[in-house]
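Have a look at the structure below, then the notes.
Numbering (this note's numbering), first residue to last: -17 to 265.
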């Protein structure tokens, strides 16, 4: 049973940057111009998003910890009362920006792992996993493996390194339908198969359409473009410009309502949504 929602949206995605320091096999990247969100825009978004969404993840694409103003921006989030979440590749936990992860505004931090990670990179991640519960005991930390069922030998080596460092027991779930395993306290292990990102060049997906876009979530790209969901990596859906209009106005305009009503009726209104196979996995 899902917990009751207290705000209009469960999740917002505020993309601090579309720039990343890695090129992972499960991430297709973006055709958009490399960009970092302006701190002034983030300040506006933090203030407007706090009453709208229960949590704001700081990405659509890119590695948020690369943002040169990450620390002051997280202070802005904290002052605005914006509960945040971070999905990161974990390679920058030794960077000064990572100090902002202990400000207390993070509800959840997800670390995306894969078989290509080095032992030294994983050691940096487990060091962070030791420090986080001491300094921020209310923050959840998830290790996410994006290669479920593949590269089991290297994944097993990663499991053993995590076990030794943290005194836990990593293992694959007994049933494929179960994708998460709590290791201890607020530390969990998650498994995800790679999926096909939506693309305008992909085949049209037939049948009824359901999605959380504009219903339970929205996203704002680094340049201020508001879009329907976190998988619109190239900004193919334009709902409005958050730098020019209040979020509340954009999220109640005719185009946004058309997307929302369409999914309520089982119809994909936007062209990108018509080509999205991921929505077939949603219930």
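Think of the CB as a built atom: it goes at the ideal place given N, C-alpha and C, for glycine as much as any other residue.
What does DSSP give as the partner residue(s) for residue i in the beta ladder?
i	result
residue 220	Paired residue(s): none; residue 220 is not in a bridge.
residue 163	171
residue 126	94, 172
residue -5	39, 201
residue 70	93
residue 88	66
residue 75	Note: residue 75 sits in no beta bridge, so no partner.
residue 141	According to DSSP, which records beta bridges pairwise, residue 141 is partnered with nothing at all.
Tell me whether the beta-carbon of residue i lies closer than 9 Å to the beta-carbon of residue j.
i	j	result
residue 45	residue 73	yes
residue 204	residue 19	yes
residue 92	residue 2	no
residue 166	residue 149	yes
residue 112	residue 147	yes
residue 56	residue 82	yes
residue 224	residue 208	yes
When you compare only the Cα positions, how much space is there between residue i and residue j?
i	j	result
residue -2	residue 95	21 Å
residue 162	residue 222	36 Å
residue 218	residue 232	16 Å
residue -6	residue 75	24 Å
residue 52	residue 141	31 Å
residue 193	residue 237	16 Å
residue 15	residue 43	12 Å
residue -4	residue 67	10 Å
residue -17	residue 88	Only weak support exists for where residue -17 lies, its pLDDT of 44 falling under 50; the value from the coordinates is given anyway. If you take the alpha carbons of residue -17 and residue 88, they lie about 24 Å apart.
residue -12	residue 202	21 Å
residue 5	residue 98	11 Å
residue 29	residue 229	10 Å
Shortest alpha-carbon distance to residue i belongs to which of the options?
i	options	result
residue 10	233, 236, 215	215
residue 258	195, 187, 237	187
residue 212	180, 87, 60, 119	180
residue 104	8, -9, 220, 136	136
residue 7	178, 145, 56	178
residue 108	4, 144, 29	144
residue 172	37, 65, 124, 147	124
residue 196	82, 243, 36, 84	243
Check residue i in the structure and name its three-state DSSP category.
i	result
residue 241	helix
residue 279	In the structure as shown, the chain begins at -17 and stops at 265. Residue 279 is therefore absent and cannot be evaluated.
residue 208	strand
residue 110	helix
residue 24	helix
residue 177	coil
residue 195	strand
residue 8	coil
residue -17	In this predicted model, residue -17 has a pLDDT of only 44, less than 50, meaning its place in the structure is not dependable enough to derive any value.
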